[in-house]
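Structure first, commentary second.
Number of protein chains: 2
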Amino acid sequence: MHALTKLDNPGRKCDQCLVRHRALCRVAGTDALAELNRIARTRTFSAGSTIIASEDSMPFVGNVLSGVVKLTKVMADGRQQIVGLLFASDFVGRAFEDHWSYSAEAATDVEMCTFDRTAFERMLGKHPELEHQLLVSTLDELDAARDWMLLLGCKSAEEKVASFLMFVARRAANGGGCGEALPEAGAFEMPVSRTDMAAYLGTTVETVSRQITRLKTANIIRLTDMHHFIVPDIHRLAVAAGVDEVTLED
Amino acid sequence: MHALTKLDNPGRKCDQCLVRHRALCRVAGTDALAELNRIARTRTFSAGSTIIASEDSMPFVGNVLSGVVKLTKVMADGRQQIVGLLFASDFVGRAFEDHWSYSAEAATDVEMCTFDRTAFERMLGKHPELEHQLLVSTLDELDAARDWMLLLGCKSAEEKVASFLMFVARRAANGGGCGEALPEAGAFEMPVSRTDMAAYLGTTVETVSRQITRLKTANIIRLTDMHHFIVPDIHRLAVAAGVDEVTLED
DNA sequence: CGACATGTTGAACCTCATCAACCGACGTGG
DNA sequence: CCACGTCGGTTGATGAGGTTCAACATGTCG
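Residue numbers (my numbering), protein chains in the order written: chain A, 192 to 441; chain B, 192 to 441.
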């Protein structure tokens, strides 16, 4: 499965990096950056392949350069839940623990900038500003996870789907797409399948599909094709999502 | 609401601290400890009172010394979800952000060792070992949150309740109770109300109640009173909880 | 073209939320 | 002292929202 490639221009990789100014490494000083550069290695994974299995000893960690990574948990009987979707510039893996309880899979074709885990941990030890940044982004992830707990615990199917669309609209617009021009205000690409949506929302493919058509017939969204959504009025979608206030702009 | 008291023996508080060897401060060197001691202040909150409201600017952070703190999120229409339960030695609050999106409430009477937030942040900057430890425990919390996402997204009502009992059994036994002798193998106290259980499990009081009686009639649990549970065979409870393997011992 | 994956739609069933009544414990005030 | 309201918990009856199973549509790839 592990479809790997390596980019070997170790001298100046970071300069032209797509996520240079958004990922962890944005806080690295010039020397730290050079050091990161030395241990960095670009890997690519084709859609559907496993990046890190839950049994693996987690050989590496890294940042997503392009594509979408899903973190999943599965129960013994096969029921599974996606506990996180990671876009460009997001960090994958866990430092200071040699294996963890989810598995990371490529939801689309994925390109990552990876680091040997123990080497990366040594880096963190030497460069407090990096470790600090990792702490901050971990806190953000924790917030996001708890937001999702609210969704899973409280929201109706329609609210769930609407919330997910809001989530992707934001990530795909300012983050994941990364420079991808928006052809129309409120248009975005849905990078994952209906099945993945369902697994992330704690529901089934069928309900996701039904709710999408509901939103469609209510004229809250339109689809050009299966994976291209248009949201004419983000406010109406927010209402459908059951968002308290207009937390749209940050 | 804020029912406060202060213990003012700043000289040697930490020595006799209940959670000295389990909380963040366990990694503090003698000087860092002394400094922590200087900015520490014990506060108590009576059951039901708000510790930090979501609108507050989060004046302080701290460790739970005794009691149980719940982190809750509420939607505009009142639906609410508990996104975390914190026991003795757990850390409450968020550094590097002056307000956060949940509110912390005392589920029982609570005693906390608190620090002024900005002073605490300064401490973290000066003592990397503290910041490192905070990172590690944040990572653990993130794992816990994602475990709970699996529960909220996949599990049936019975599995939810059984899982919650397992959760409390473990925390109340090795952590929260802290020295409280277990009168019987597998006996523990339920520190929170049925309502809180429901809010944590993404269900209703009625279902919680029903599932408890189901577990009772199945002889998987017994109750001495409303808040004292006995689990004769933790394995059977684990099965009811839908736990993959025996992840009982860590 | 057929085979397969992905998504949509329909119909039946079932779990769980909802509404309501009830119970015991507790505290207050008459 | 008892009447009263309140609060936390349990139990019952009912129905809606979502799961499940199945058929169908669409798109893709050999």
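Built from N, CA and C at the ideal position, the CB exists for glycine as well.
Given residue i as reference, the closest of the options once Cα atoms are compared
| i | options | result |
| --- | --- | --- |
| residue 511 of chain B | B/304, B/361, B/296, B/351 | Residue 511 of chain B cannot be examined here, being either before or after the span of chain B that is shown, 192 to 441. |
| residue 403 of chain A | A/315, A/361, A/362, A/357 | A/357 |
| residue 182 of chain B | B/266, B/320, B/270, B/390 | The structure shown has nothing for residue 182 of chain B, since chain B only spans 192 to 441. |
| residue 241 of chain B | B/223, B/231, B/263 | B/263 |
| residue 276 of chain A | A/215, A/414, A/384, A/416 | A/384 |
| residue 278 of chain A | A/286, A/291, A/253 | A/253 |
| residue 386 of chain A | A/247, A/223, A/271, A/290 | A/271 |
| residue 430 of chain A | A/354, A/362, A/309, A/380 | A/354 |
| residue 337 of chain B | A/377, A/239, A/292 | A/292 |
| residue 388 of chain A | A/363, A/359, A/427 | A/359 |
| residue 287 of chain A | B/347, B/294, B/308, B/330 | B/330 |
Cβ-based neighbour list, residue i, same chain, cut-off 6 Å, excluding 5 preceding and 5 following
| i | result |
| --- | --- |
| residue 204 of chain A | 228 |
| residue 412 of chain A | 406, 420, 422 |
| residue 273 of chain B | 261, 263, 390, 391 |
| residue 285 of chain B | 291 |
Backbone CA spacing between residue i and residue j [nearest angstrom]
| i | j | result |
| --- | --- | --- |
| residue 317 of chain B | residue 342 of chain B | 39 Å |
| residue 371 of chain A | residue 257 of chain A | Because residue 371 of chain A carries a pLDDT of 46, less than 50, the predicted location of this residue cannot be relied on, and the following value inherits that uncertainty. Using only the alpha carbons, I get a separation of about 12 Å. |
| residue 212 of chain A | residue 219 of chain A | 10 Å |
| residue 409 of chain B | residue 433 of chain B | 16 Å |
| residue 418 of chain A | residue 350 of chain A | 19 Å |
| residue 210 of chain A | residue 394 of chain B | 41 Å |
| residue 340 of chain B | residue 250 of chain B | 29 Å |
| residue 524 of chain A | residue 244 of chain A | The structure shown does not extend to residue 524 of chain A, since chain A is modelled only from 192 to 441, so the question has no answer here. |
| residue 328 of chain A | residue 312 of chain A | 16 Å |
| residue 425 of chain B | residue 334 of chain A | 32 Å |
| residue 207 of chain B | residue 226 of chain B | 16 Å |
| residue 322 of chain B | residue 231 of chain A | 25 Å |
| residue 237 of chain A | residue 268 of chain B | 43 Å |
| residue 300 of chain A | residue 259 of chain B | 44 Å |
| residue 198 of chain A | residue 310 of chain A | Note that residue 198 of chain A scores a pLDDT of 44, beneath 50, so its modelled location is shaky and nothing firm can be said. |
| residue 361 of chain B | residue 294 of chain B | 25 Å |
| residue 487 of chain A | residue 435 of chain B | With chain A represented from 192 up to 441, any question about residue 487 of chain A goes unanswered, as that position is not in the structure. |
| residue 235 of chain B | residue 427 of chain A | 44 Å |
| residue 347 of chain B | residue 379 of chain B | 24 Å |
| residue 363 of chain B | residue 308 of chain A | 34 Å |
CB contact flag (residue i, residue j, <8 Å)
| i | j | result |
| --- | --- | --- |
| residue 396 of chain A | residue 352 of chain A | no |
| residue 325 of chain B | residue 326 of chain A | yes |
| residue 233 of chain A | residue 302 of chain A | yes |
| residue 345 of chain B | residue 381 of chain A | no |
| residue 297 of chain B | residue 377 of chain B | no |
Close Cβ partners of residue i (< 8 Å) along its chain, the five nearest in sequence each way excluded
| i | result |
| --- | --- |
| residue 215 of chain B | 254, 282, 321, 324, 325, 328 |
| residue 314 of chain B | 223, 226, 227, 230, 306, 321 |
Close-in-space but distant-in-sequence residues of the same chain around residue i (CB under 7 Å, 5 per side omitted)
| i | result |
| --- | --- |
| residue 247 of chain A | 290 |
| residue 217 of chain B | 211 |
| residue 369 of chain B | In this prediction, residue 369 of chain B has a pLDDT of 42, which is less than 50 and means its spatial position is unreliable; what the coordinates show is noted afterwards. Correct list, in chain order: 209, 279. |
| residue 366 of chain B | Model confidence at residue 366 of chain B stands at a pLDDT of 46, short of 50, so the residue's coordinates are unreliable and nothing is read from them. |
Which parts of the segment 275-327 of chain A are runs of the alpha helix (DSSP H), unbroken and 4 residues or longer, counting only runs that do not cross its ends?
308-317
Could you pull out every unbroken beta strand (DSSP E) segment of at least 3 residues lying fully inside the segment 366-429 of chain A, listed in chain order?
378-380, 413-416, 419-421
Quick one: complete alpha helix (DSSP H) runs, 4+ long, within the segment 195-261 of chain B?
221-230
Within the segment 325-360 of chain B, ranges of the beta strand (DSSP E) (whole runs, at least 3 residues)
none
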